[in-house]
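Each residue of the sequence shown is one higher than the one before, starting from 0 at the first, in numbering that gives the first Met the number 0. The structure appears right after this line, and notes come after that.
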Amino acid sequence: MHATRAYSLILTDIGQIFTAPLNDPVRTGTGLCIAADEQGTIAFVGTMADFAKSEPGYETRHKNAVVSAEGRAVWPGLVDSHTHIVYAGTREEEFAQKSRGASYAEIAAAGGGILNSAAKTRAASADELYRDAKKRLLQVAAYGITTVEIKSGYALDTAGELKILEVVARLKKELPIEIVPTFLGAHAYPAQFKSDHDGYLSVLCDEMLPEVRRRGLAEFVDVFCEEGFFSLAETERVLRRAHDLGLGLKLHADQFHALGGTELAARMGAASVDHLEEVTDEAIALMARHGTVAGVLPITSVFSRLPFAPAKKMIDAGVRVALATDFNPGSCMCGFLPLAASLGATQLVLPVEDALRGVTLHGAASVRREARKGSIEVGKDADIVVMESSSWIYPLYHFAHNHVRQIFIGGRPFDPAALLAEGTV
Ligand SMILES: [Zn+2]
């Protein structure tokens, strides 16, 4: 008697699989196969010969579910664990100023930067924000991204921050992409609270956070801990309130100055600390001890002329390093996540396995999705990307080019380009 299991997807004739886990991250051979059950969970990873043995006659019984990869390589669906893609307006004028040598701080002091986007985002309607964000999201989904974290933080008042998170909730409802919402009301001090930090912290802690929690609009709370933004004490006040409300913690820290935010977040059990260009050895040791994921953003380093975070040193110290885009209209106008992995290999000098793990398995850990996302293993969601190439390394090597041929989310085909072409967004 053979099994009579029903499958949503039987992906056959795979040349190579980057599965991602530390032990055995790559499967090669002729004729590999991945099968997903009706719930979209991976039920089998191995050779076609072994699959045929356990499921004789599967071709005829599952005609509609069988898809041939024709010898190509597959990756797990990519996880972008750090984005700011819901905003209004663009900032190419600041880009031009930067091209003439202006610094981040100079642009912020002249009313540019985050506050520039915040004014435009507050003025935009929820429908406008939704339409723009959906388009941006489908564009990056075409690069193989099947899980994405999205932060608020471009309104900096209660109504506006809630509006952004409602847009994220709508995207989550309408698209099969796994979306992880993060509240980043503590992204900058709005102009009217420039010399009244305590006033804005009260709005954050007494008004915004309880309302975000009540409406279930965010899983994580994030703070920009940096000179000129949120001090260590101010960061702690927001994180403590978030923690007391039962929300997960993330942090932007050590981008320009090491203020102690990474140590604080690690001790408080944060899921990740991101940026880390200036991270100290003590902070790295604490992240390793507490299992805090390091979110490294190499495209931002390139776009904003910043040093690279010491990713290799952190991995060697036992820290899981996620690589993300930081897609935002100021410091990194780029959502091309495979580029983060390519830069991981070339600029951070990470072995290709670690570089690709950064945008898959460790990205999933950064958003607490490692039980279901980020690798090709039995029991995980069948979020799978078929590449044009037969080599799993080739798309990293031939960089800044989209090599995606086909995407599956939960074992079902997903075609973001077709959704964009429909013209509904
Ligand atoms: Zn960021």
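Don't be surprised by glycine CBs; every beta carbon is placed ideally from N, CA and C. Remember, it's a predicted structure, so these values are computed and weren't measured experimentally.
The beta carbons of L336 and L8 sit no closer together than 8 Å. In the DSSP assignment, L275 falls outside any alpha helix (DSSP H), carrying neither H nor E.
DSSP places G260 in the uninterrupted alpha helix (DSSP H) bounded by 260-266.
By the neighbour-count definition (other C-beta atoms within 10 Å, threshold 16), Y188 is a buried residue.
Taking one beta carbon from each stretch, the segment 31-39 and the segment 379-389 have 3 or more pairs nearer than 8 Å; the two touch. Of all alpha-carbon atoms in G378, V73, A354, the one lying nearest the alpha-carbon of T18 is that of V73. Distances between the C-beta of H81 and the heavy atoms of ligand 1 include at least one below 7 Å. The segment 39-56 makes no contact with the segment 110-122; the number of CB pairs closer than 8 Å stays below 3. A direct Cα-Cα distance of roughly 8 Å separates H186 from L155.
In this structure, N327 has its CB closer than 7 Å to one or more heavy atoms of ligand 1. Counting along the chain, R26 sits inside the beta strand (DSSP E) bounded by residues 25-36. In this structure, K133 lies near L170, with their beta-carbon atoms less than 8 Å apart. Take G70, set aside five residues on each side of it, and the residues of its chain with a beta-carbon closer than 7 Å to its own are D12, G14, S389, in chain order.
Residues of the same chain with a CB within less than 6 Å of the CB of A5, apart from the 5 flanking positions on each side, are E37 in chain order. Relative to ligand 1, H361 has its C-beta separated by 7 Å or more from all heavy atoms. Of the candidates G334, V211, A257, the residue whose Cα lies closest to the Cα of H81 is G334. Exposure of A399 is indicated by the presence of fewer than 16 other C-beta atoms within 10 angstroms of its C-beta. When the alpha-carbon of H83 is set against those of A117, A104, E92, G100, the nearest one is in A117. Under the DSSP assignment, P394 falls in the alpha helix (DSSP H) whose first and last residues are 393-396.
Per the C-alpha coordinates, the member of T145, E92, R135 positioned closest to G410 is T145.
Using a cutoff of 7 Å, the CB of H61 does not count as near ligand 1, since none of the ligand's heavy atoms is closer than that.
Straight-line measurement puts the Cα of A241 at about 24 Å from the Cα of S194. Distances from the CB of H256 to the heavy atoms of ligand 1 are all 7 Å or more. Going by beta carbons, L183 and D221 fall inside the 8 Å limit. Here the C-alpha atom of A123 lies approximately 26 Å from the C-alpha atom of H196.
For S230, no beta strand (DSSP E) encloses it, and the DSSP letter there is neither H nor E.
A87 has its alpha-carbon roughly 8 Å from the corresponding atom of D131.
A417 is not a Cβ neighbour of H361, given a cutoff of 8 Å. When the beta-carbon positions are compared, M207 and T157 come within less than 8 Å of each other.
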